[in-house]
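Novice: These protein sequence lines map, in sequence, to chains P and G. Note that our numbering numbers the first sequence so that position 139 is 264, with each residue one more than the last. Note that our numbering numbers the second sequence so that position 237 is 467, with each residue one more than the last. Virtual Cβ for every residue (Gly too), placed ideally from N, Cα, C.
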Amino acid sequence: MNYKKTVGIEVHVELKTKEKLFSPSLNLYGDLANSNANIIDLGYPGVLPTVNKEAISLAVKAAQVLNCKIRKKMHFDRKNYFYPDNPKNFQITQARTPIGYDGYVEINDAGVIKRIEIEEMHIEEDTSKSIHSKERTLLDFNRSGVPLIEIVTKPCIHTSKEATLYLEALRELLLYANISDCKIEEGSMRCDANISISKTAELGTKIEVKNIGSITNVGLAIDYEATRQEELIEKGETLKEETRRYDAKLGKTILMRVKETGNDYRYFPEPDIPYLELTDEYINKLKKEIPTLANIRRQKYLEAGISQINVEKLIANKDLSDYLETLLDINLKTTANLLLGDIQAYLNKTSKKITDTCLTQEKIKDLVKKLDEGVISHKNFKDLVIDIMETDKTIDDLLKEKGIQNVVDNSFVLDLIDKVLTENEKVVSDYLNGNERSLKFLMGQVMKESKGSVNPKVANDLLLETLKKMKNKL
Amino acid sequence: MSKYLDLSIEEIHELLLSKKIKPIDLVEEAFVRINNNELNAFITLDYEGARKMALSLEEEEVQKDNLLFGLPIAIKDNIMVNGLRCTCASHILENFISIYDASVVTLIKEYKMIIIGKTNMDEFAMGSTSETSYFKAPINPWNPKKVPGGSSGGSAVCVASRITPFALGSDTGGSIRQPASFTGIVGMKPTYGRVSRFGLVAFASSLDQIGPMTRNVYENALLLNAISKKDEKDLTSFETNEDFTRLIGKNIKDMKIAIPNYFVSSVVSLDVLKVFNDTVEILKKEGCQINYVDINHIDKAVVLYQIIAMGEASSNLARFDGIRYGLSKTEKSLDDLYKKTRSEGFGREVKRRIMVGSYILSGENAKIYYNKALQIRDDLKKSFEKIYSEYDLILGPSSSRIAYDLNNNQDDPLRGFMDDILVMHANMGGFPSMSIPMGFIDNLPIGLQIMGPMYAEAKIYQLGSYLEKKLHLNLEIGGSNEL
Chain P
126 MNYKKTVGIE VHVELKTKEK LFSPSLNLYG DLANSNANII DLGYPGVLPT VNKEAISLAV
186 KAAQVLNCKI RKKMHFDRKN YFYPDNPKNF QITQARTPIG YDGYVEINDA GVIKRIEIEE
246 MHIEEDTSKS IHSKERTLLD FNRSGVPLIE IVTKPCIHTS KEATLYLEAL RELLLYANIS
306 DCKIEEGSMR CDANISISKT AELGTKIEVK NIGSITNVGL AIDYEATRQE ELIEKGETLK
366 EETRRYDAKL GKTILMRVKE TGNDYRYFPE PDIPYLELTD EYINKLKKEI PTLANIRRQK
426 YLEAGISQIN VEKLIANKDL SDYLETLLDI NLKTTANLLL GDIQAYLNKT SKKITDTCLT
486 QEKIKDLVKK LDEGVISHKN FKDLVIDIME TDKTIDDLLK EKGIQNVVDN SFVLDLIDKV
546 LTENEKVVSD YLNGNERSLK FLMGQVMKES KGSVNPKVAN DLLLETLKKM KNKL
Chain G
231 MSKYLDLSIE EIHELLLSKK IKPIDLVEEA FVRINNNELN AFITLDYEGA RKMALSLEEE
291 EVQKDNLLFG LPIAIKDNIM VNGLRCTCAS HILENFISIY DASVVTLIKE YKMIIIGKTN
351 MDEFAMGSTS ETSYFKAPIN PWNPKKVPGG SSGGSAVCVA SRITPFALGS DTGGSIRQPA
411 SFTGIVGMKP TYGRVSRFGL VAFASSLDQI GPMTRNVYEN ALLLNAISKK DEKDLTSFET
471 NEDFTRLIGK NIKDMKIAIP NYFVSSVVSL DVLKVFNDTV EILKKEGCQI NYVDINHIDK
531 AVVLYQIIAM GEASSNLARF DGIRYGLSKT EKSLDDLYKK TRSEGFGREV KRRIMVGSYI
591 LSGENAKIYY NKALQIRDDL KKSFEKIYSE YDLILGPSSS RIAYDLNNNQ DDPLRGFMDD
651 ILVMHANMGG FPSMSIPMGF IDNLPIGLQI MGPMYAEAKI YQLGSYLEKK LHLNLEIGGS
711 NEL
C-alpha cells in the first residue's frame, strides 16, 4: 500500500494599501531602507496602534473572494515572542477571531473542479526585514507593520498538482480583486507548506517547509519532502516535527530547526485596539467594489471569439486585461490581437504600463475600427505603433503625416491579385469550374504576396469581385 | 523671596495679566524651591528649557481666558516630552531621550504651560511607594521618614511641596490617588479614554490613565479641561468636550451616595476609618442620602489587578530589548544580548512582575487565569454599574492607612498591592475616581476617594469641592515653604 500525502498550505499576502496597518507610514516596497518607518513601526515606548481602514476593507474583500464567512465582531491579539525583526517583541494578529473562516477556492484539475477548503484567514502586521551578513545583521523597518493577510487551508491537499493549482488560483483571485500584488519574488506573497504522509486515515508527522520561493517550487518541495519522509519511515526512523526550507538549486529541503515543544506565544487580546464591528451594509458595499474577477473575464473573452491561448495571455497580463475592461462597444477579438501583439511588444521593450502611454480609449477604438474596416493594415499599424503610443496625434493625422493612406488603396491590392491570378492559372480555372476550395488557396497567396500588409477582408472582397468579373467574361 | 507659587492660580493669573509678574518669575521661584528641598521629586529638570519657554511667553499677550497661561507644571517621567530624557525611573531607559511629545504634552504646550521637569516614580510605575525607582527615592514632604506613595510619588511631592501648582501622573491601580492621599493633594484618575495615552509608556494598557495632580479641586478640574481631548492616535480615547468646573459650587443636598461595606471593613485601619466616618457625617448633615452597600466581586480587585496588569506589562515591556534604543549590552549571541540587557536594565520589582505576567499568559494558564480574570473584571464592572444606576457616587478612603516608613516593604511584594485595595476598582471598570485630602493622622494627610460612573468627573468635582471647602484643612506643610 502506498503512502498518502496530506498538505496544508499557509499563505501570507501583503495588502496593497497606501499606509501601514497600524501607523500612517507609507506601505512602499523598494524604498531606501528605513525611510518608511516611524516611531510606531519602530516600537518606541509610549506609541499606540491605529487601525488602517483600507486594510480592513481589503481583508473583507479577500474573505469574500475566498468564499469565507465574515466575522462581524472581531478583535486583535498579541503574539508574544522575541526576535529583532519584531520591534515590539509582540506581533499584532488575530488569533481568536480571524476575519474570515470556512471558505474555499475552486481549482480546475484536468477538467475536474475541486474545492480547496480555507480554514481561516486573518489580518496581521508584517515584521521588519533582516539582512544578514557574516559580520552582522541589519534591519529594515520599511516592512515593519505592512498589512498582511494569512490564509490557511485545511489539510485537504493530496498532490503537488493540487497545491500549485490552488496557489495559482489564489494568486489570481487576490490579484484580480486588487487586494495584493502577489509578487513572490518581492515577498508580497509567501508560501509555507505543511507536509505529512501516512498509510492510514490518521495523519503522519507534520513537517513545515517555509517561505518557498515560487509556486512551481511548492510543488517540487512537496514531492521531494514526501519522498524523503517515505524513505526515512521505510528505514524505520521516527519523524520529528520540524521546520525546513526548500533550496531550489539543490532541489532539496533543508532543516532549519526542530520544533520545540510548548512553543508558547502567550496570546492575549490587544488592549490598545477596541473591538471592530462590521455592518452588513459595509460588507455589501465592499462586495460591489470588487473588480471583475478573472474567471468572468475568461468567459467573456471566449464568447467574444478570442482564442484560448490569447485569453490566457490576457489573464496573465492583468494590466492589459484591466485596460480591456475599460473599453466598451469594441471588437474584443481585434483589440486582443492588437494588445497582445505589437502593443505588448512595445510595452515590454519600453518597460511601460499601458496606462502610461498615449493610447487613449478614442485612439484604440479608432484603430480597431479602421483595422476591421480595412482602412489600415496590421503592417501599417506596426509602422505607426511608436507614434501611436508616444504622441497625442490622432490615427488620421498620423496616416496623413506618414503618407500611408495609399498603401492600402485598392489598386495596390488589385495589382497583387492580378499577379497571383496570373501565376496560378490552373487554380483559377478550377475555381471558375466550381471548385470553391480553390478560393482559400488564392486568398492565402494574396496575403502571402502582400506580406500581411493588406486587410484580409478588403483583399477577400476584391478577389471575389475580380473572379466574378472573370466568370462573367467566360 | 517671592511666594507667588503659594497663591491660587486666579491670583497668579491676575498678576500675570497686570504684568506685575512674568512667567519667568514663576519658573525661577519653582527652581529655588526645588533647590531648597531634598525631596528627590525629579529625575530630570529642564531649567534651560523652562526659562526659554518663559522668556518666549513674554513676547505674547497673556491669554485672558486661559488661567493656565505661563504656569509651571511637572510631568511624570513615563510621559514623553520631546527632547527630554524619559527614564520611567529605570536603568534600561536611563539615557533615553524622547523624540516626540505625548499627545497630552502637546496640549500642555498649546495651553502655554511651562514644563519644568520629569518627576520621580516607581520604575515603570510598578509600586506604591516610588521606592522601586532606579534613582534616589522621593520622600514625603510632610515627614522625611515617610514615603510619598506611588507610583506617581514625584508628581505628588512636587505639588504637595508647592514647587508647581500642577503635575501629571498616571494611574494603573491607584498610582495617582494613593500618593495624592499620602501627600495631601488632589489627584484625579479620569474615565478610561478621557485623556490620550499616546506617549505614556504603557504599563497595563487597559488600565493606564493619565490624570491631573493639583493643590485643590478647582485647579484639578481646570487642568483636566486642558488635557482631555479625543486623540486620533489613541483608539481608546473618546470625544470629550465639557467644562469640568461647571458643577463646582452647586448644591449637593440631593446626592445619593453609596459606601461599599468592603471599604469600611477590617481591610481599612481604624484611624483611617475614623477620619472617613467623620467626613461622611458632614455629608449626612448636609442632607445627602447615604447607604452602605455590598458590591459583588469587590474583594477580588487585587487578584484581578495582579493577573491583568502583570500579563499586559509582560508584553508591554518586551520592547526594551537593547536593540533599537535604551540600555544595550552587546553580547556574542542574541539570547545573551536579551538576557544581559534586561537583567541589568530592569529592577527587581519590574522583573518580578514580568515573570509573573509571562507565567500567567503561558499555555493553559492564559485560560485559567487571564481569560477568567477578564470575565470577572467584566462582572465587577457590571456590579459597579448596578450601584451607579441607583447612586450618583461611591465613597471610600483612598488608602487603607497613612504613608508608611521608607524602606519598609521591599521584601513583601504583596504589601504594596494591599495598600491599593480600595482604588483598583476604578481602573478595572474604567471609572473616574479622585482623591482629596480628608484629614490628618499623626500629622500625615489621608485622602478620601470619590468614585463615579463613566464620564462623571464633573459630579465628582462637585462633591470634592464641597467637602474641600467644608473641611477647610490647612495643607501648608509646616516650614517647607519658608524660602
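Contact between the region 621–636 of chain G and the region 666–682 of chain G: three or more CB pairs below 8 angstroms?
Specialist: Yes, since at least three Cβ pairs between the region 621–636 of chain G and the region 666–682 of chain G fall closer than 8 angstroms, the two stretches touch.
Novice: Are at least three pairs of beta-carbons, each pair with one atom in the region 280–296 of chain G and one in the region 311–323 of chain G, less than 8 angstroms apart?
Specialist: no
Novice: May I have the straight-line CA-CA distance separating residue 365 of chain P from residue 541 of chain G, to the nearest angstrom?
Specialist: One-based indexing of the first sequence puts residue 365 of chain P at position 240. One-based indexing of the second sequence puts residue 541 of chain G at position 311. If I take the Cα positions, the gap works out to 32 angstroms.
Novice: Just how far apart, CA to CA, sit residue 309 of chain P and residue 320 of chain P?
Specialist: If you number the first sequence from 1, residue 309 of chain P lands on position 184. If you number the first sequence from 1, residue 320 of chain P lands on position 195. Their backbone Cα atoms lie some 20 angstroms apart in a straight line.
Novice: Does DSSP classify residue 436 of chain G as helix, strand or coil?
Specialist: For the purposes of this step, residue 436 of chain G is identified with residue 206 of the second sequence, where counting begins at 1. Looking at residue 436 of chain G - three-state DSSP - the assignment turns out to be coil, as it is neither helix nor strand.
Novice: What are the uninterrupted segments assigned as alpha helix (DSSP H) that are 4 or more residues long and contained completely in the region 263–327 of chain P, given in chain order?
Specialist: If we require 4 residues or more, the alpha helix (DSSP H) runs fully inside the region 263–327 of chain P come out as 285–301.
Novice: Indicate whether the contact test is met: 3 or more Cβ pairs, each with one atom in the region 279–295 of chain P and one in the region 158–169 of chain P, closer than 8 angstroms.
Specialist: no
Novice: Tell me, please, whether the CB atom of residue 717 of chain G is closer than 7 angstroms to any CB atom in chain P?
Specialist: The shown model of chain G, from 231 to 713, leaves out residue 717 of chain G, and the question about it has no answer.
Novice: Here's a check: name, in chain order, each residue in its chain whose Cβ is nearer than 6 angstroms to the Cβ of residue 302 of chain P, leaving out the five neighbours to either side.
Specialist: Your numbering for residue 302 of chain P matches position 177 in the first sequence. Only 186, 190, 415 meet the Cβ criterion.
Novice: Quick check on residue 553 of chain G - is its C-beta less than 7 angstroms from some C-beta in chain P?
Specialist: If you number the second sequence from 1, residue 553 of chain G lands on position 323. Interface residue (Cβ-Cβ distance to chain P less than 7 angstroms): residue 553 of chain G is classified as such.
Novice: Name, in chain order, the residues that DSSP records as bridge partners for residue 378 of chain P.
Specialist: Working through the first sequence from its first residue, we reach residue 378 of chain P at position 253. Paired residues: P/371.
Novice: Which bits of chain P does residue 332 of chain G rub up against, with CB to CB less than 8 angstroms?
Specialist: Start at 1 with the first residue of the second sequence, and residue 332 of chain G comes out as number 102. Near residue 332 of chain G (Cβ distances below 8 angstroms), the residues of chain P are 171.
Novice: Using the C-alpha atoms, what's the distance from residue 481 of chain P back to residue 460 of chain P?
Specialist: Position 335 of the first sequence holds residue 460 of chain P. Position 356 of the first sequence holds residue 481 of chain P. Going by the C-alpha atoms only, they are around 18 angstroms apart.
Novice: Roughly how many angstroms lie between the CA atoms of residue 227 of chain P and residue 244 of chain P, to the nearest whole one?
Specialist: Working through the first sequence from its first residue, we reach residue 227 of chain P at position 102. Working through the first sequence from its first residue, we reach residue 244 of chain P at position 119. Looking at the two C-alpha atoms, the distance is approximately 5 angstroms.
Novice: I want to know whether the region 464–482 of chain G touches the region 684–698 of chain G - three or more CB-CB distances under 8 angstroms.
Specialist: yes
Novice: Could you round the C-beta distance between residue 441 of chain G and residue 460 of chain G to whole angstroms and report it? I think they count as a contact, below 8 angstroms.
Specialist: Along the second sequence, read from residue 1 onward, the residue named residue 441 of chain G stands at position 211. Along the second sequence, read from residue 1 onward, the residue named residue 460 of chain G stands at position 230. Not a contact, Cβ separation roughly 17 angstroms.
Novice: Beta carbon of residue 592 of chain G, beta carbon of residue 391 of chain P: below 7 angstroms?
Specialist: Counted from its first residue, the second sequence places residue 592 of chain G at position 362. Counted from its first residue, the first sequence places residue 391 of chain P at position 266. In contact: residue 592 of chain G and residue 391 of chain P (Cβ atoms closer than 7 angstroms).
Novice: Which residues in chain P have a C-beta closer than 8 angstroms to the C-beta of residue 316 of chain G? List them in chain order.
Specialist: On the second sequence, position 86 is the one that residue 316 of chain G refers to. By Cβ distance, chain P contributes 170, 171.
Novice: Could you give the distance in angstroms between the alpha-carbon of residue 260 of chain P and the alpha-carbon of residue 328 of chain G?
Specialist: Taking the first residue of the first sequence as position 1, residue 260 of chain P is located at position 135. Taking the first residue of the second sequence as position 1, residue 328 of chain G is located at position 98. Distance from the CA atom of residue 260 of chain P to the CA atom of residue 328 of chain G, rounded to whole angstroms, is 30 angstroms.
Novice: From this set, P/568, P/598, P/454, P/573, which residue's C-alpha is nearest residue 585 of chain P's C-alpha?
Specialist: Taking the first residue of the first sequence as position 1, residue 585 of chain P is located at position 460. Here the closest residue by C-alpha is P/568.
Novice: Find out if the Cβ-Cβ distance for the pair residue 196 of chain P, residue 222 of chain P is shorter than 7 angstroms.
Specialist: Within the first sequence, the letter at position 71 stands for residue 196 of chain P. Within the first sequence, the letter at position 97 stands for residue 222 of chain P. Closer than 7 angstroms, so yes.
Novice: Distance, Cα to Cα, residue 560 of chain G vs residue 418 of chain P?
Specialist: As a working note, residue 560 of chain G is residue 330 in the second sequence. As a working note, residue 418 of chain P is residue 293 in the first sequence. The alpha-carbon atoms of residue 560 of chain G and residue 418 of chain P are separated by roughly 52 angstroms.
Novice: Does any CB atom of chain G fall closer than 7 angstroms to the CB of residue 204 of chain P?
Specialist: Locating residue 204 of chain P in the first sequence gives position 79, counting from the first residue. Not closer than 7 angstroms to any Cβ of chain G, the Cβ of residue 204 of chain P fails to qualify, so no.
Novice: Smallest Cα separation from residue 150 of chain P: which of P/165, P/393, P/519, P/413?
Specialist: For this step, residue 150 of chain P is matched to residue 25 along the first sequence. Closest by alpha carbon: P/165.
Novice: Short of 8 angstroms in beta carbon distance, which residues of its chain neighbour residue 439 of chain P, apart from the five on each side in sequence? Order them along the chain.
Specialist: Taking the first sequence and counting its residues from 1, one reaches residue 439 of chain P at position 314. Closer than 8 angstroms at the Cβ level, and outside the excluded window around residue 439 of chain P, lie 422, 426, 431, 445, 446, 449, 461, 464, 465.
Novice: Going by DSSP, what residues sit across from residue 247 of chain P in a beta bridge?
Specialist: The residue labelled residue 247 of chain P in the question sits at position 122 within the first sequence. The partner list for residue 247 of chain P (beta bridge, DSSP) reads P/275.
Novice: Using a cut-off of 8 angstroms between C-beta atoms, extract the partners of residue 548 of chain G located in chain P.
Specialist: Mapped onto the second sequence, residue 548 of chain G falls at position 318. In chain order: 205, 207, 213, 214, 215.
Novice: For chain G, check one thing: does any of its Cβ atoms lie closer than 7 angstroms to the Cβ of residue 201 of chain P?
Specialist: Start at 1 with the first residue of the first sequence, and residue 201 of chain P comes out as number 76. Not one chain G Cβ lies under 7 angstroms of residue 201 of chain P.
Novice: On the DSSP letters alone, give me the boundaries of the alpha helix (DSSP H) that residue 329 of chain P sits inside.
Specialist: Position 204 of the first sequence holds residue 329 of chain P. It is not in any alpha helix (DSSP H) - residue 329 of chain P carries neither H nor E in the DSSP assignment.
Novice: Do residue 386 of chain G and residue 409 of chain G have their CB atoms nearer than 7 angstroms?
Specialist: Walking along the second sequence from the start, residue 386 of chain G turns up at place 156. Walking along the second sequence from the start, residue 409 of chain G turns up at place 179. Cβ distance < 7 angstroms, so residue 386 of chain G and residue 409 of chain G count as in contact.
Novice: Scan the region 565–598 of chain G for residues whose Cβ lies nearer than 8 angstroms to a Cβ of chain P and list them as they occur along the chain.
Specialist: 568, 588, 591, 592, 593, 596
Novice: Residue 216 of chain P bridges to which residues according to DSSP?
Specialist: By one-based count along the first sequence, residue 216 of chain P stands at place 91. Residue pairing by DSSP places residue 216 of chain P opposite P/204 in a beta bridge.
Novice: Can you pull the chain P neighbours of residue 464 of chain G, defined as C-beta to C-beta under 7 angstroms?
Specialist: Taking the second sequence and counting its residues from 1, one reaches residue 464 of chain G at position 234. Those are 173, listed as they occur along chain P.
Novice: Any C-beta of chain G sitting closer than 7 angstroms to the C-beta of residue 397 of chain P?
Specialist: Position 272 of the first sequence holds residue 397 of chain P. It does; some Cβ of chain G falls within 7 angstroms.
Novice: Would you mind reading off the limits of the alpha helix (DSSP H) that contains residue 174 of chain P?
Specialist: Within the first sequence, numbered from 1, the residue matching residue 174 of chain P stands at position 49. Here residue 174 of chain P belongs to no alpha helix (DSSP H), and DSSP marks it neither H nor E.
Novice: Would a check of beta-carbon distances place residue 391 of chain P closer than 7 angstroms to chain G?
Specialist: Mapped onto the first sequence, residue 391 of chain P falls at position 266. Using a Cβ-Cβ cut-off of 7 angstroms, residue 391 of chain P counts as an interface residue toward chain G, since at least one Cβ of chain G sits closer than that to its own.
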